[in-house]
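Number of protein chains: 2
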Amino acid sequence: MILSVDLGARSYDVVIQRGCLSRAGELLNLNRKVLVVTDSGVPAQYAKTVAAQAKEAYTVTFPQGEAGKTVDTWMSLLDALVEHNFTRSDCVVAVGGGVVGDMSGFAAAAYLRGIDFYNIPTTLLSQIDSSVGGKVGVDYKGYKNLVGAFHQPKKVLVDPDVLHTLDLRQVRSGAAEAVKVALTGDKELFELFESGKAMAQIETVIYRALAVKAEVVRQDETEGGLRRVLNFGHTVGHAIETVSNFSLLHGECVALGMLPMVSDEVRVRLLSVLRALELPTQYKGDTEAILEAMSHDKKCAGGEITVVTCPQVGSFEFRKIPFQQLANELREVLK
Amino acid sequence: MILSVDLGARSYDVVIQRGCLSRAGELLNLNRKVLVVTDSGVPAQYAKTVAAQAKEAYTVTFPQGEAGKTVDTWMSLLDALVEHNFTRSDCVVAVGGGVVGDMSGFAAAAYLRGIDFYNIPTTLLSQIDSSVGGKVGVDYKGYKNLVGAFHQPKKVLVDPDVLHTLDLRQVRSGAAEAVKVALTGDKELFELFESGKAMAQIETVIYRALAVKAEVVRQDETEGGLRRVLNFGHTVGHAIETVSNFSLLHGECVALGMLPMVSDEVRVRLLSVLRALELPTQYKGDTEAILEAMSHDKKCAGGEITVVTCPQVGSFEFRKIPFQQLANELREVLK
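These protein sequences, in sequence, are chains L and V. Using our numbering, the first residue of the first sequence is number 1, and each one after it goes up by one. Using our numbering, the first residue of the second sequence is number 1001, and each one after it goes up by one.
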């Protein structure tokens, strides 16, 4: 399956196909210098497979984890590009999860003011979410993605076969992002999850989730308005992620974060889907700490907070609500 | 005079007007947090004048000079933005020459993936050249502008009155960039220089030079092809700049760099204009070192180099010529 992301001169294709990693040399232009970027959590074989198909490849592997998503690591990628005399005609290929994609994408964005970037996401989360949309960057001074750019990839290769080496908990966490997109933008995809057949049709899930995201990005590339719909479940989710000190996975936090943002009717259906995916539906941690973390959110001002809600499956609303009301709902729903 | 730079959603105006610095609060949206960036070479009064017109201003002043155009200085600007909790709705204003504009523009480009940027260039060179086009960035590992972005300003204020505090040699160096643009793209502007009346009509010179540049940028925002015409005089010029260890000003090097790139007929007229502006027309330094520096140029490959030439006033050609031929012409013309 091929999904076209329509962004005028910056349009690109997402190829979703089992085994496409082995065809990278055919699907991408690797007939030049290629910086392959990966991390220690990704099976080394994947980066090797890509590098072997390039004319002149250099591979950088950095330690796994959000803690390494820093300006320093980003500069080490720039160093590699300088050292090997990369020109504007050369390219960067990310082989890994969201952290690898964000950081190598930002290196490609900034080097010589932008060289070609290809993304080969190897987690379900990054396949469904960060691989499309062009948001790249690094954390800074304790803030996520504080420094970065909008730099669209030239092409994205999504190979569902790589998910076989992924921890099951990671796969379920990624599925939570697909549920998120389905709830606000694709009723049929949500029904596929309800049927219990979604995970057996993972290519369809990836394609449909990306199609919704691509349409949102097409309408609002640089996050002026509509694109904020993608934050559904993330206002609370990010706060839980911070408070849990990353002991919960991103998708698990998003699963929890969606629950206070849906109507009662939708919540019944959502709970059923999350349970079937063995995603968390209750949070036993410190709810007050979550509220405290949320009060620093950039969407929180003057005692009110702007959130995305889902009144019925396949739709969404932007709502500005008093922070206290959200606090009450949160205590009620996550208990 | 107002020049509109037409770049679709990224369009903006350049206001060219005596005294407009004092009207920044009226011409720009400063009713928010404003980071005013300047350097020690710019009269402090200019940044103060701008800051006084802002709702909430913070001023960063870094040491003058290309040597400070580093990732470290750029990060110190990011630090200021973080420290004062700048949001996506706030902005950065550059008050200074090209180095200030390039670096603060890149801070605005990267912070939260891009916030508003205004440029108030205070040298003739930056008024005519770098203030329009959106090329921002910093030097890295000895390479000029190796790390950066294309980030268009929201508005540019060009106040010719600030040139009164500028060293005359700096003004002439800036004029060389206008001559460059005139030679390849505006016959009438070149004739204005030939008439000897150009410097007395500096607003017209700035407007016309920027108009040519704006049209080139409109057609080729991210330097895919045509925009390289702006490199006219710069292939040799940059090499002289490096070899002279920046003892010659940028515009002086461009003046020298144009001479080997024009037809004999044009050269006669160009020499006359450069002499009237008291710009250099001969280079007594090490010509071989210049050739050596040029051989590392990214436009030099396989013994050939791509240059922009001016066969007659108001026109240009891209030419790929053997490096040896260029070397011979250079020795001949600059002696």
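Just so you know, even glycine gets a beta-carbon here, dropped at the ideal spot from N, CA and C.
If you draw a straight line from the C-alpha of S1272 of chain V to the C-alpha of K69 of chain L, how long is it? As a working mapping, residue 1272 of chain V is identified with position 272 in the second sequence. As a working mapping, residue 69 of chain L is identified with position 69 in the first sequence. Spanning the two alpha carbons is a distance of roughly 56 Å.
In angstroms with no decimal places, state the Cα-to-Cα distance between V262 of chain L and Q312 of chain L. One-based indexing of the first sequence puts residue 262 of chain L at position 262. One-based indexing of the first sequence puts residue 312 of chain L at position 312. Their backbone Cα atoms lie some 8 Å apart in a straight line.
Taking only beta carbons into account, state which residues of the stretch 1104 to 1115 of chain V come closer than 8 Å to chain L, listed in chain order. A1109, A1110, Y1111, L1112, R1113, G1114
Taking the beta carbon of G1224 of chain V as the centre, do at least 16 other beta carbons fall within 10 Å, making it buried, or is it exposed? In the second sequence, the residue the question calls residue 1224 of chain V occupies position 224. Exposed: under 16 other Cβ atoms inside 10 Å.
Using 10 angstroms around the beta-carbon of A94 of chain L, count the other beta-carbons present and answer buried if the total reaches 16, otherwise exposed. In the first sequence, the residue the question calls residue 94 of chain L occupies position 94. Result: buried.
Using the rule of at least 16 other Cβ atoms within 10 Å of the residue's Cβ for burial, across every protein chain shown, is Y374 of chain L buried or exposed? Residue numbering for chain L in the displayed model covers 1 to 335; residue 374 of chain L lies beyond these limits and cannot be assessed.
If we count Cβ pairs, one from each stretch, closer than 8 Å, do we get three or more for the stretch 1283 to 1295 of chain V versus the stretch 1203 to 1218 of chain V? With contact defined as three or more Cβ pairs closer than 8 Å, the stretch 1283 to 1295 of chain V and the stretch 1203 to 1218 of chain V are not in contact.
Check whether chain V comes within 9 Å of G251 of chain L, counting only Cβ atoms and requiring the distance to be less than that. Sequence index remark: in the first sequence, residue 251 of chain L carries index 251 (1-based). With 9 Å as the cut-off, G251 of chain L does not count as an interface residue toward chain V.
Counting only the same chain and skipping the five closest in sequence on each side, list residues whose C-beta sits under 7 Å from that of H84 of chain L. One-based indexing of the first sequence puts residue 84 of chain L at position 84. Result list for H84 of chain L: K33, Y58, in chain order.
Along chain V, in chain order, which residues have C-beta atoms closer than 8 Å to that of F150 of chain L? Start at 1 with the first residue of the first sequence, and residue 150 of chain L comes out as number 150. Those within 8 Å of F150 of chain L in chain V are R1113, G1114.
Show which residues of chain L have a CB atom less than 8 Å away from the CB atom of L1077 of chain V. Numbered from its first residue, the second sequence carries residue 1077 of chain V at position 77. Those within 8 Å of L1077 of chain V in chain L number zero; the least Cβ separation is about 11 Å.
With a threshold of 9 Å between beta-carbons, can T287 of chain L be considered close to chain V, or not? As a first step, residue 287 of chain L is located in the first sequence; it is residue number 287 there, counting from the start. False, the Cβ-Cβ gap to chain V never drops below 9 Å.
Once the 5 residues before and after Q127 of chain L are set aside, which same chain residues still bring their CB inside 6 Å of it? The residue labelled residue 127 of chain L in the question sits at position 127 within the first sequence. Excluding sequence neighbours, Q127 of chain L sits near P121, V158, I206.
Show which residues of chain L have a CB atom less than 8 Å away from the CB atom of L1146 of chain V. Locating residue 1146 of chain V in the second sequence gives position 146, counting from the first residue. Under the 8 Å cutoff, chain L gives L78, V82, Y111, L112.
Quick one: measure Cβ to Cβ for L1124 of chain V and L1163 of chain V, integer angstroms, because I've assumed they're closer than 8 Å. Taking the first residue of the second sequence as 1, we reach residue 1124 of chain V at position 124. Taking the first residue of the second sequence as 1, we reach residue 1163 of chain V at position 163. That belief holds up - the Cβ atoms of L1124 of chain V and L1163 of chain V are roughly 6 Å apart, short of 8 Å.
Contact criterion: CB-CB distance below 9 Å. Does V37 of chain L meet it with respect to chain V? Walking along the first sequence from the start, residue 37 of chain L turns up at place 37. No, V37 of chain L does not count as interfacial toward chain V.
Give the single residue among L:D13, L:V217, L:A44, L:N31 whose Cα lies nearest to the Cα of Q53 of chain L. Start at 1 with the first residue of the first sequence, and residue 53 of chain L comes out as number 53. If we check each option's Cα against that of Q53 of chain L, L:N31 comes out closest.
Compute the minimum distance between the beta carbon of R1267 of chain V and the heavy atoms of the ligand ATP, and state whether it is under 8 Å. What this structure holds is no ligand at all, so the ligand ATP is not there to describe.
Tell me, to the nearest whole angstrom, how far the beta carbon of F1117 of chain V is from that of G1105 of chain V; I am working on the premise that it is less than 8 Å. By 1-based counting over the second sequence, the position of residue 1117 of chain V is 117. By 1-based counting over the second sequence, the position of residue 1105 of chain V is 105. At roughly 5 Å, the Cβ-Cβ gap stays under 8 Å, so F1117 of chain V and G1105 of chain V are in contact.
Can you list, in chain order, the residues of its chain with a C-beta nearer than 8 Å to that of L27 of chain L? Leave out the 5 residues immediately preceding and following it. Counted from its first residue, the first sequence places residue 27 of chain L at position 27. Taken in chain order, the residues that qualify are V15, C20, K155, L157.
At 4 residues or longer, what runs of the alpha helix (DSSP H) sit wholly inside the stretch 226 to 289 of chain L? 234 to 243, 250 to 258, 264 to 276
Going along the chain, which residues of its own chain have a beta-carbon closer than 8 Å to the beta-carbon of V71 of chain L, five neighbours each way excluded? Taking the first residue of the first sequence as 1, we reach residue 71 of chain L at position 71. Answer for V71 of chain L: V138, Y140, V147, listed in chain order.
Sorted by chain position, which residues of the same chain lie with C-beta nearer than 8 Å to V216 of chain L's C-beta, five sequence neighbours on each side aside? Position 216 of the first sequence, counting from 1, holds the residue named residue 216 of chain L. Only G185, L226, R227, V229, L230 meet the Cβ criterion.
K1135 of chain V touches chain L at which residues, Cβ-Cβ below 9 Å? On the second sequence, residue 1135 of chain V is found 135 positions in, with the first residue counted as 1. The contacting residues are R113.
Pick helix, strand or coil for E1188 of chain V, following the three-state DSSP scheme. Numbered from its first residue, the second sequence carries residue 1188 of chain V at position 188. Looking at E1188 of chain V - three-state DSSP - the assignment turns out to be helix.
Taking three-plus beta-carbon pairs below 8 Å as touching, is the stretch 1252 to 1268 of chain V in contact with the stretch 1231 to 1238 of chain V? At 8 Å Cβ cutoff, the stretches touch.
Please report the Cβ distance between L277 of chain L and A175 of chain L, rounded to the nearest whole angstrom; I am assuming they are in contact, meaning their Cβ atoms lie under 8 Å. One-based indexing of the first sequence puts residue 277 of chain L at position 277. One-based indexing of the first sequence puts residue 175 of chain L at position 175. The pair is a contact, with the Cβ atoms about 5 Å apart (cut-off 8 Å).
Report the CB separation of N119 of chain L from S131 of chain L in whole angstroms; it is logged as a contact under 8 Å. Along the first sequence, one-based indexing puts residue 119 of chain L at 119. Along the first sequence, one-based indexing puts residue 131 of chain L at 131. Indeed they touch by this definition, with Cβ atoms about 5 Å apart.
I'd like the span of the beta strand (DSSP E) that includes T222 of chain L, first residue to last. What you label residue 222 of chain L is simply residue 222 of the first sequence in a count that begins at 1. Careful: T222 of chain L lies outside any beta strand (DSSP E) and carries neither H nor E.
Provide the residue span of the alpha helix (DSSP H) that contains G1096 of chain V, from first to last. Counting from 1 along the second sequence, the entry for residue 1096 of chain V is found at position 96. Note, G1096 of chain V: premise wrong, no alpha helix (DSSP H); beta strand (DSSP E) at 1091 to 1096.
Quick check on N328 of chain L: does DSSP put it in helix, strand or coil? Here residue 328 of chain L corresponds to residue number 328 of the first sequence, with the count starting at 1. Reduced to three states, the DSSP call for N328 of chain L is helix.
Which of helix, strand or coil DSSP assigns to A109 of chain L: For this step, residue 109 of chain L is matched to residue 109 along the first sequence. Helix.
Can the beta-carbon of F1232 of chain V be found closer than 9 Å to that of F1316 of chain V? The residue given as residue 1232 of chain V occupies position 232 in the second sequence. The residue given as residue 1316 of chain V occupies position 316 in the second sequence. Contact flag set, yes.
Residues bridged to G137 of chain L by DSSP? Mapped onto the first sequence, residue 137 of chain L falls at position 137. According to DSSP, which records beta bridges pairwise, G137 of chain L is partnered with L:G148.
Just to confirm, is the Cβ distance from T1242 of chain V to A1178 of chain V under 9 Å? As a working note, residue 1242 of chain V is residue 242 in the second sequence. As a working note, residue 1178 of chain V is residue 178 in the second sequence. Contact: no.
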